[in-house]
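Structure record follows, encoded as structure tokens.
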Amino acid sequence: MTLSHYTAPNSLHLLQAVIRTICILVVSLICTGPVYAQHVLLTGTVADASVPDMPLPGATIITTAAGQGTASDQHGKFTLRVDTTLIRAVEIRYIGYKPRSIELTSDLLETGYLGTIYLQRDPFTFTEVIITTSPSGRSANYQPAKAYNSEQLQRMAASSFGNLLDGEPGVSMRSFGSAPARPVIRGLDGDRVLIVENGERMGDMAETAADHAITLDPLSADRIEVVRGPASLLYGSSALGGVINLFNNDIPEGWIHGIGGSAALQGASVNNELAGFGRIVYGTGNGAFTSRLNYRTSANIRTPGERLSGTFNDQLGGSAGYTLRHGEDSHTGFSVAGFSNTYGLPDALDSPEEQIEIRMRRYSARGRGLYYSSGFFNRADIRFNASIYNHKEVELDFVPGGTYNEELELEFTSRSANTTMLFHHGDVHGRAEGAIGINAGYRELNVGGAEALTPDMRSFILAGLIFEELRITPVFSIQMGLRAEYQYLEALPNNDFDAPGQPRRTEWVASGSVGANWKPAPDFETGFQIARAYRLPRLEELYSNAPHLGAGAFEIGNPDLKNETGLGSDLFLRYRSRQLYLEAAVFYNYIRNFVTYTPTGQIHAPSGLPVFVYDATNAELFGGELNLAFRHNNITLTGGLDYVHGNRIDSDRKPLPFMPPLRSKIGADYDALTWFAAVNARMVSSQKRVAENEEATSGYILLTLEGGIRISDDTRHSITFRIDNALNRSYRDHLSRIEDRNKPMPGRGATITYNYKF
46 MTLSHYTAPN
56 SLHLLQAVIR
66 TICILVVSLI
76 CTGPVYAQHV
86 LLTGTVADAS
96 VPDMPLPGAT
106 IITTAAGQGT
116 ASDQHGKFTL
126 RVDTTLIRAV
136 EIRYIGYKPR
146 SIELTSDLLE
156 TGYLGTIYLQ
166 RDPFTFTEVI
176 ITTSPSGRSA
186 NYQPAKAYNS
196 EQLQRMAASS
206 FGNLLDGEPG
216 VSMRSFGSAP
226 ARPVIRGLDG
236 DRVLIVENGE
246 RMGDMAETAA
256 DHAITLDPLS
266 ADRIEVVRGP
276 ASLLYGSSAL
286 GGVINLFNND
296 IPEGWIHGIG
306 GSAALQGASV
316 NNELAGFGRI
326 VYGTGNGAFT
336 SRLNYRTSAN
346 IRTPGERLSG
356 TFNDQLGGSA
366 GYTLRHGEDS
376 HTGFSVAGFS
386 NTYGLPDALD
396 SPEEQIEIRM
406 RRYSARGRGL
416 YYSSGFFNRA
426 DIRFNASIYN
436 HKEVELDFVP
446 GGTYNEELEL
456 EFTSRSANTT
466 MLFHHGDVHG
476 RAEGAIGINA
486 GYRELNVGGA
496 EALTPDMRSF
506 ILAGLIFEEL
516 RITPVFSIQM
526 GLRAEYQYLE
536 ALPNNDFDAP
546 GQPRRTEWVA
556 SGSVGANWKP
566 APDFETGFQI
576 ARAYRLPRLE
586 ELYSNAPHLG
596 AGAFEIGNPD
606 LKNETGLGSD
616 LFLRYRSRQL
626 YLEAAVFYNY
636 IRNFVTYTPT
646 GQIHAPSGLP
656 VFVYDATNAE
666 LFGGELNLAF
676 RHNNITLTGG
686 LDYVHGNRID
696 SDRKPLPFMP
706 PLRSKIGADY
716 DALTWFAAVN
726 ARMVSSQKRV
736 AENEEATSGY
746 ILLTLEGGIR
756 ISDDTRHSIT
766 FRIDNALNRS
776 YRDHLSRIED
786 RNKPMPGRGA
796 TITYNYKF
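Numbered by the working numbering, the letters in the sequence shown go through residues 46 to 803 in order.
Laid out in structure tokens, this is it:
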């Protein structure tokens, strides 16, 4: 097989021009802008009043008169420069907690230190907060984003992150059984939506194919963030769809003296699932040790008509970590983790006696250092992650007598390392905060098995980034991000790809984003952002030419694919008060050389698999989301809808494949502090606007019932109960990659989760 060589034009001159422009703007605004007459730098920590030393990251700290604000960092700490001639109090808010106002007395203004501010839990409060979408920590929003805390995750409990986030604003699910379900944001998936663990890439291959699972169990996540806008450039140049950041506490960042921890137990009837999770933390004055263990096992999924064979799932994972504290704030930590997952895929159409089984293992080591100083750059955040990942796709041929023969069809072995160094500078004259940083990554991939898809691969990236937030007026601010990245990709020969002169692709990539926020009143704000993303085609998109049994397709790549260049923009309006929350957003993405995974309608005769090709087209995706909530006393009413429209930009403007249909939802929630109950309905329209050779799907309505109790004493107990698809509706999700359209999605199922914190 002959592999071609492609090198894109160098964009270094463009990069230099953009950097000069940003630097000139930053310097001029800082140096020429007026300096407020009387400033005080307020510092403090926000924590949970019911759990000793439990910080609240992402709490909003805002002045009651001037509208200045910031957000607490991952340790609950914050700094806020205020004009003492304009403000006399600050208000602290956090989702699920009662707001608290603190009067700024003369003694507090003299020192600026507010100490630890404890917030009381209040599930009635649904004020939105944005967590870590800005490394500067300010509270201004430039694009709709979402964060989910531990109690929300418990109520959303699912066997995969795709199932867990499905139905959230703009987020749908690409499914292929219970284990390999992956989030899709505004019609974009693959590596256009980055999924990272604690801010670093995970080293697995979940983004490369529909049958590949994410190598982290949902019970292990303490918090999930969906991040879009300029801050997504911290993670990569291709994240036009956004970034999903999965946080766990494998490296302790906040702890109590002595022993603490949490445990969870989860069961589901739709697939006879049982899952468990436990974490223990032992803390001292100078450091803390933590360890976690998670396990999940499930049988085949039950549909309204029958069980969907080949959809079992078995997982085992664990970690151990230690953090050493330096002084009052700084610390260094290290952790090791392992994850094992064996799961099935739905039966092949050509032979019910055959079954595909995926066996994956990931071992990782991670380090993090967080250091504070009193200089211009007042905080350094250094992260490192190294992973070894092995993935096997095994074909099982069952024979009479209950035994089977197995053959290794495809194997991936990936070794990767990533590091990020961010240096944050504090408030400059009340006008600017930001960060500069370096990101580097290396990966080796070996491909084997009877049906190797691609050659082996070696890749390397080195990126410099700058992120700045400028406060133009008390109610108007601008956020800017720039990422300059060098990318190197080399295809290497293996047993199936042994042609000499394997290609190298080297690129200088410039990605950037600019956002603006206007908040003329405490209850209303609007934001706009525009971003440029850049993506190199993946290895399988370039060189696949073999049956991919796990994906149920014969895949054909195209070595002549050019690099994707995306230009995205969106606008949102948000109103929030004590009783009403309303948000509307619209977006438009233009992507040049957009790579699609397109069905041809043909069958590859030797394998019996449908043929899919990777091709490219100029494309546009546009749509919007609407979300609202109204609360009166203990009752909250919710509603929302989202829509994505994807076109090829050609003479016929044909639809792009695998576009989510129009969705809407309504719900009612009653919360009495110690218990809650909710009912939600999701209405999904038919999707008849499909690509050539893509099958249409019908619309459906899903009803969900929820309930739960919260028990608090010296420990914390909570139990949640949920019934999904309560009407046992037989339906097809349009993004499901199961090739047999007669095989529906899961039927009625009950999920119960018990959570214990100590």
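Glycine included, each C-beta is placed from N, C-alpha and C at the ideal position.
Pairwise C-alpha distance: serine 622 and proline 567: What you label residue 567 is simply residue 522 of the sequence shown in a count that begins at 1. What you label residue 622 is simply residue 577 of the sequence shown in a count that begins at 1. One C-alpha to the other measures close to 9 Å.
Cα-Cα separation, phenylalanine 379 to threonine 683: The sequence position of residue 379 within the sequence shown is 334, counting from 1. The sequence position of residue 683 within the sequence shown is 638, counting from 1. Here the alpha carbon of phenylalanine 379 sits roughly 42 Å from the alpha carbon of threonine 683.
Aspartate 93 - DSSP class collapsed to helix/strand/coil: To locate residue 93, count along the sequence shown from 1; it is residue 48. In the structure shown, aspartate 93 falls within a strand segment according to DSSP collapsed to helix, strand and coil.
Distance, alanine 365 Cα to tyrosine 327 Cα: If you number the sequence shown from 1, residue 327 lands on position 282. If you number the sequence shown from 1, residue 365 lands on position 320. Roughly 12 Å between the two C-alpha positions.
For leucine 718, the nearest candidate out of Lys122, Asn678, Lys733 (CA to CA): As a working mapping, residue 718 is identified with position 673 in the sequence shown. Ranking the options by Cα distance to leucine 718, first place goes to Asn678.
Nonlocal neighbours in the same chain, by C-beta distance under 8 Å from asparagine 317, ignoring five residues either side: If you number the sequence shown from 1, residue 317 lands on position 272. So the qualifying residues of the chain are Ser343, Ala344.
Opening and closing residue of the beta strand (DSSP E) in which leucine 682 lies: For the purposes of this step, residue 682 is taken as the residue at position 637 of the sequence shown. Going by DSSP, leucine 682 is part of the beta strand (DSSP E) stretching over 680 to 693.
Per DSSP, cross-strand counterpart(s) of serine 409: By 1-based counting over the sequence shown, the position of residue 409 is 364. Serine 409 is bridged by DSSP to Ala382, Ser432.
CA nearest to the CA of proline 789, picked from Ala425, Leu780, Gly372, Thr645: The count along the sequence shown starts at 1 and reaches residue 789 at position 744. Taking only the C-alpha atoms, the option nearest proline 789 is Leu780.
Residues near alanine 462 in its chain [Cβ-Cβ closer than 6 Å; skip 5 each side]: In the sequence shown, counting from the first residue as 1, residue 462 sits at position 417. Taking alanine 462 as the centre and dropping the five residues before and after it, the same chain places the C-beta of Ala431, Tyr487 closer than 6 Å to its C-beta, in chain order.
Boundaries (first-last residue) of the beta strand (DSSP E) holding aspartate 714: The residue labelled residue 714 in the question sits at position 669 within the sequence shown. Segment 708 to 716, the beta strand (DSSP E) holding aspartate 714.
Alpha helix (DSSP H) runs contained entirely in the region 189 to 254, provided each spans 4 or more residues: Within the region 189 to 254, complete alpha helix (DSSP H) segments of at least 4 residues are found at 195 to 200, 206 to 210, given in chain order.
Beta-carbon gap between alanine 661 and lysine 699 smaller than 8 Å: For the purposes of this step, residue 661 is identified with residue 616 of the sequence shown, where counting begins at 1. For the purposes of this step, residue 699 is identified with residue 654 of the sequence shown, where counting begins at 1. No, the Cβ-Cβ distance between alanine 661 and lysine 699 is not below 8 Å.
Pair within 8 Å by beta-carbon distance, asparagine 290 and glycine 244: As a working mapping, residue 290 is identified with position 245 in the sequence shown. As a working mapping, residue 244 is identified with position 199 in the sequence shown. For the pair asparagine 290 and glycine 244, the CB atoms are nearer than the 8 Å cut-off.
C-alpha gap between arginine 793 and asparagine 450, whole angstroms: By one-based count along the sequence shown, residue 793 stands at place 748. By one-based count along the sequence shown, residue 450 stands at place 405. So the alpha carbons of these two residues sit roughly 35 Å apart.
Integer Cβ distance of glycine 412 from threonine 368, believed to fall under 8 Å: Within the sequence shown, residue 412 is the residue found at index 367, counting from 1. Within the sequence shown, residue 368 is the residue found at index 323, counting from 1. Incorrect: roughly 10 Å between the Cβ atoms, too far for contact.
Whole-angstrom distance between serine 204 and threonine 798, CA atom to CA atom: The residue labelled residue 798 in the question sits at position 753 within the sequence shown. The residue labelled residue 204 in the question sits at position 159 within the sequence shown. Across the structure, threonine 798 and serine 204 are spaced so that their CA atoms are roughly 12 Å apart.
Residue of Thr329, Ile259, Pro500, Arg503 minimising C-alpha distance to glycine 299: Residue mapping note: residue 299 aligns to position 254 of the sequence shown, counting from 1. Selected option, being the one with the closest Cα: Thr329.
For serine 223, the nearest candidate out of Glu213, Ile137, Val315, Asn638 (CA to CA): As a position in the sequence shown, residue 223 is number 178, starting the count at 1. With distances taken between Cα atoms, serine 223 lies closest to Val315.
Span separating the alpha-carbon of glutamine 415 from that of serine 375: Mapped onto the sequence shown, residue 415 falls at position 370. Mapped onto the sequence shown, residue 375 falls at position 330. Residue identity check: residue 415 is leucine in the sequence provided, not glutamine. Going from the Cα of leucine 415 to the Cα of serine 375 covers about 5 Å.
contact_flag[the region 639 to 651, the region 732 to 752] where n(CB pairs < 8 Å) is 3 or more: With a cut-off of 8 Å, the region 732 to 752 and the region 639 to 651 count as touching, because enough Cβ pairs lie within range.
Given 8 Å, three or more beta-carbon pairs between the region 613 to 621 and the region 201 to 217: Short answer: they don't touch.
For leucine 101, the three-state DSSP class (helix, strand or coil): Counted from its first residue, the sequence shown places residue 101 at position 56. The three-state reading of DSSP puts leucine 101 in coil, since its state is none of H, G, I, E or B.
Residues bridged to asparagine 290 (per DSSP): Your numbering for residue 290 matches position 245 in the sequence shown. In the DSSP output, where bridge partners are listed per residue, asparagine 290 has Val241, Glu270.
Where leucine 625 sits in the DSSP three-state scheme: Here residue 625 is taken as the residue at index 580 of the sequence shown, counted from 1. Strand at leucine 625.
Segment contact, 8 Å Cβ cut-off, at least three pairs: the region 246 to 263 with the region 224 to 238: Short answer: they touch.
Backbone CA spacing between arginine 428 and alanine 266 [nearest angstrom]: Stepping through the sequence shown from its first residue, residue 428 is reached at position 383. Stepping through the sequence shown from its first residue, residue 266 is reached at position 221. Put simply, the backbone Cα of arginine 428 is about 18 Å away from that of alanine 266.
Through-space distance from arginine 708 to glycine 685, alpha-carbon basis: Locating residue 685 in the sequence shown gives position 640, where the first residue counts as 1. Locating residue 708 in the sequence shown gives position 663, where the first residue counts as 1. Distance between the alpha carbons of glycine 685 and arginine 708 is about 8 Å.
Simplified DSSP assignment, three categories, for tyrosine 588: Residue 588 sits at position 543 when you count from the first residue of the sequence shown. Under the three-state reduction of DSSP output, tyrosine 588 falls in the helix class.
Rounded Cβ spacing between serine 731 and proline 349 (contact assumed at less than 8 Å): Mapped onto the sequence shown, residue 731 falls at position 686. Mapped onto the sequence shown, residue 349 falls at position 304. Going by Cβ atoms, the distance from serine 731 to proline 349 rounds to 18 Å, so no, they are not a contact pair.
First and last residue of the uninterrupted alpha helix (DSSP H) at serine 151: Here the question's residue 151 lines up with position 106 in the sequence shown. Serine 151 -> alpha helix (DSSP H) spans 151 to 156.
Cα-Cα separation between glycine 607 and tyrosine 659, rounded to whole angstroms: Against the sequence shown, residue 607 aligns to sequence position 562. Against the sequence shown, residue 659 aligns to sequence position 614. The sequence given here places lysine at residue 607; glycine does not occur at that position. When rounded, the distance between both Cα atoms is 12 Å.
Same chain only: Cβ atoms within 7 Å of glutamate 148, ignoring 5 sequence neighbours per side: For this step, residue 148 is matched to residue 103 along the sequence shown. Excluding its 5 nearest sequence neighbours in each direction, glutamate 148 has C-beta neighbours in its own chain below 7 Å: Arg133, Ala134, listed in chain order.
Candidates Asn293, Ile325, Ala284, Ile481, of which the one nearest glycine 303 by Cα: Looking up residue 303 in the sequence shown gives position 258. The residue with the shortest Cα to Cα distance from glycine 303 is Ile325.
Separation of isoleucine 403 from proline 391, as counted between CA atoms: Translated into positions along the sequence shown, residue 391 becomes position 346. Translated into positions along the sequence shown, residue 403 becomes position 358. Take the alpha-carbon of proline 391 and the one of isoleucine 403: they are about 12 Å apart.
Nearest-angstrom Cα separation, counted from glutamate 535 out to methionine 502: Reading the sequence shown from its first residue, position 457 is the one you call residue 502. Reading the sequence shown from its first residue, position 490 is the one you call residue 535. Cα atoms of methionine 502 and glutamate 535: separation of roughly 6 Å, rounded to the nearest angstrom.
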